[in-house]
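Undergrad: First, the structure itself, so that you have it in front of you.
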Amino acid sequence: MNNQPNLATNDRKKITFLLIEDSYILDFTGPLQVFESANILLGKKYYDFNFISTGTNDFVRLGSTKVICDDNIYNASFISSDTLIIPGGPRAIEQSNDKGIINWLKQNAYNFNRIVSVCTASFILAKAGLLKDSPATTHWLFVDDLKKSHPDLNIIQDCRYTEDKNERIYTSAGVSKGIDLALLLIKKDLGEELSEEVARHIMINQTQATENLYSPAKISELSLRMQKIIHWIESNIHENITIENLSSTVGLSRRQLTRIFREELNMSPSEYLDYYKFKLVENKLRFSNLSLFEISKTCGYNSVEQLRRSFKSRTGLSPLEFRKLSKNAS
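Under UniProt numbering, the first residue of the sequence shown carries the number 1, and numbering increases by one thereafter.
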């Protein structure tokens, strides 16, 4: 990269990820990839990482992914680093009532220059008393829950992320908004030019790629049950979702699931999954340089060939032809 920031040889920042079992994998890997990409573009390790489990094991499971941790909160009673990031997930709200986690966070809060929550992890910061003087947000599905459980806090709806006046406490909304927030932190650390270069490197167009482009209906007009189903699909699309495991996860029979999709979206679950994956692929082809293999993995396809056939059936173009045309048009 040209015009790299002028960094001292000892100028490095450590980032600690506090990992809860079953956190959304994108809430963890999205910000992590942003900081890793900064290291790659700088040609040096400006950001160091360590992973702390909130359980008693030396690992956590994020869906089907096993993450080996450097320690857990019960062994590492004292942790100090520049930034603490807590990814959210389905258990984050429940874990906000875990005294072990909350006590650890209270004890170590002032050992970090910045504390960041992604998605529902804002419930944990709220319970630890870290949001009293800070605006906060969370995944849009849970904004009302956060307001009800903490009516004294300044909860902001319909925003990507928040930061307090001291630039110390940060919260983000769900799914890809943690990536936007990580890019903001890089901008503060290393400048806007590098932040924009990282965004291009990881295939994110900040004004378009992180918008919810994939639903054929306005999300807010759907039932709460359908909103939660769509949120689960968004968070797990890389797992190659089948109608069977979707039905099992949401506790509905295949027939019931199909009826709900027909009533609310005017399409079957399979049609919606195909639609969502197509829009996701289209977005990555427009705004990224990811290989087709990488796109197929992150978008839930079994192979590049399956992705290629599916995309061409909708557009009449191969993925690479579409990418070339979209790049030329921009």
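Ideal Cβ positions, reconstructed from N, Cα and C, are used throughout, including at glycine.
1. Determine whether the beta carbon atoms of G300 and N240 lie at a separation below 8 Å.
2. Could you please give me the residues that DSSP links to A136 through a beta bridge?
3. Checking 8 Å against the spacing of the C-beta atoms, do V116 and I155 come in under that value?
4. Could you tell me the boundaries of the alpha helix (DSSP H) in which D11 lies?
5. Could you tell me the boundaries of the beta strand (DSSP E) in which S172 lies?
6. Thinking just about the alpha-carbon of each residue, which of D158, H139 and P135 is nearest to the one in D152?
7. Hey, how far is the Cα of Y46 from the Cα of D71?
8. Which residues does DSSP pair with V116 in a beta bridge?
9. Mind checking whether L32 and E197 have CB atoms under 8 Å apart?
10. S288: buried (16+ other C-beta within 10 angstroms of its C-beta) or exposed?
11. Quick one: which unbroken beta strand (DSSP E) runs of 3-plus residues sit fully inside the stretch 58-105? Chain order, please.
12. If we call anything under 8 Å between Cβ atoms a contact, is F78 one with N108?
13. If you measure between the beta carbons of K187 and S81, is that distance less than 8 Å?
14. Under a Cβ-count criterion, where at least 16 other Cβ atoms within 10 Å of its own Cβ denotes burial, should E163 be classed as buried or exposed?
15. Do you know how far the Cα of I202 is from the Cα of P269?
16. Does DSSP put T242 in a helix, a strand or coil?
17. Drop a sphere of 10 angstroms on the beta-carbon of D11, count the other beta-carbons inside from all chains shown, and report buried for 16 or more, exposed for fewer.
18. Rounded to the nearest angstrom, how far is the Cβ of L184 from that of Y161, given a contact under 8 Å?
19. Per DSSP, which one or two residues make a beta bridge with F49?
20. Are I169 and L131 closer than 8 Å when you measure CB to CB?
21. Note down the Cα distance separating S248 from L190, rounded to an integer number of angstroms.
22. Name the DSSP bridge partner or partners of residue 346?
23. Out of L307, A199 and D145, state which residue places its alpha-carbon closest to the alpha-carbon of E94.
24. Once DSSP output is grouped into helix, strand and coil, what is the label at E163?
25. Measure from the alpha carbon of residue 347 to the alpha carbon of each residue in L62, A76 and T258, then state which is nearest.
26. Contact defined as beta carbons within less than 8 Å: I believe L19 pairs with I73. What is the distance between those atoms, to the nearest angstrom?
27. Do residue 346 and V304 have their CB atoms nearer than 8 Å?
28. The alpha helix (DSSP H) that contains I230, what's its start and end?
29. Enumerate in chain order the residues of its own chain whose CB-to-CB distance from M226 is below 7 Å, with the five nearest sequence positions on each side excluded.
30. What are the start and end residues of the alpha helix (DSSP H) that includes D180?
31. For E21, name the three-state secondary structure that DSSP assigns.
32. Does DSSP put N283 in a helix, in a strand, or in coil?
33. Taking all protein chains shown into account, do 16 or more other C-beta atoms lie within 10 angstroms of the C-beta of Y110, making it buried, or fewer, making it exposed?
34. Rounded to whole angstroms, what's the CA-CA distance from F278 to E271? Just pull it up for me.
TA: In terms of the structure at hand:
1. yes
2. In the DSSP output, where bridge partners are listed per residue, A136 has I155.
3. no
4. Element bounds for D11: n/a, residue is neither H nor E.
5. I169 to S172 is the span of the beta strand (DSSP E), which, as asked, contains S172.
6. P135
7. 22 Å
8. I85 and Y170
9. no
10. buried
11. 59-62, 65-68 and 81-86
12. yes
13. no
14. The residue in question, E163, is buried, as its Cβ has 16 or more Cβ neighbours within 10 Å.
15. 30 Å
16. Reduced to three states, the DSSP call for T242 is coil.
17. Classification for D11: exposed.
18. 7 Å
19. In the DSSP output, where bridge partners are listed per residue, F49 has I15.
20. Result yes, Cβ atoms of I169 and L131 sit closer than 8 Å.
21. Cα to Cα, S248 sits roughly 45 Å from L190.
22. Outside the modelled stretch of the chain, which goes from 1 to 330, sits residue 346, for which no answer is possible.
23. D145
24. strand
25. Lying outside 1 to 330, the shown extent of the chain, residue 347 is not represented and no answer is given.
26. Not a contact, Cβ separation roughly 10 Å.
27. The structure shown does not extend to residue 346, since the chain is modelled only from 1 through 330, so no value can be given for it.
28. L224 to N236 is the span of the alpha helix (DSSP H), which, as asked, contains I230.
29. I260 and E264
30. K177 to L190
31. Shown here, E21 sits in coil according to DSSP, grouped into three states, outside any helix or strand.
32. helix
33. exposed
34. Between F278 and E271, the C-alpha separation is close to 10 Å.
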